[in-house]
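Structure, as structure tokens:
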Amino acid sequence: MQVTLYFSEEDAYLIRLLDEKARRERRSRSSVVLSILEEYFEKDKKLGEILVDLRAVKPEHVEEALRLQRNGVAKRIGEILLEKGVVDTEAIERALEIQGRVRV
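Start counting the sequence shown at 29; every next residue gets the next number (my numbering).
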């Protein structure tokens, strides 16, 4: 996917900050932009919400897992979703990574 960003001279300082961050982290400018957007949009979300945003599960799967938790199933939502076979380990790990990064 290719995205073009247009900015004015007033925004040049933001591009400088972006480039500095990319250089420090040894990442591309686009990678840094995407991580900033991810952090902004996923801030304060629960694991199930992030999984839905990633399109790894359907909202009804998360609702069912939450219902099971409320009814006494003493497992984390990721464990329930994995056992039900509606999500794979990689998606759970990615969601946990996102969640961990924004909650540091």
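Cβ atoms here follow ideal geometry from the backbone N, Cα and C, with glycine treated the same way.
Computed from a predicted model, the values in this text were never measured in an experiment.
Where the alpha helix (DSSP H) through residue i begins and ends
| i | result |
| --- | --- |
| Q97 | 87–98 |
| G76 | 75–81 |
| L110 | 105–112 |
Same chain only: Cβ atoms within 7 Å of residue i, ignoring 5 sequence neighbours per side
| i | result |
| --- | --- |
| L82 | A119, R122, A123 |
Sequence-distant residues of its chain with Cβ nearer than 8 Å to residue i (five each side left out)
| i | result |
| --- | --- |
| I78 | E70, A123, I126, Q127 |
| H89 | L109, K112, V114, V115 |
Where residue i sits in the DSSP three-state scheme
| i | result |
| --- | --- |
| L42 | helix |
| F69 | helix |
| R131 | For R131, the predicted model reports a pLDDT of 48, less than 50, meaning its position is unreliable and no value from the coordinates is stated. |
| R63 | Looking at the sequence provided, one finds Ser at residue 63 rather than Arg. Here S63 sits in helix by DSSP. |
| T32 | coil |
| R54 | coil |
| D47 | helix |
| A84 | coil |
| A119 | helix |
Cα-Cα separation, residue i to residue j
| i | j | result |
| --- | --- | --- |
| E37 | A50 | 20 Å |
| L109 | V101 | 12 Å |
| T66 | I43 | Checking the sequence shown, residue 66 turns out to be Glu, not Thr. Approximately 18 Å between the Cα atoms of the pair. |
| M29 | S56 | 14 Å |
| Y34 | R54 | 23 Å |
| S59 | E48 | 13 Å |
8 Å contact criterion, which residue i and residue j should meet: CB distance rounded
| i | j | result |
| --- | --- | --- |
| V61 | L46 | 7 Å |
Sequence-distant residues of the same chain with beta carbon closer than 6 Å to residue i, five excluded per side
| i | result |
| --- | --- |
| P87 | V80 |
| T32 | none |
| I64 | none |
| R98 | none |
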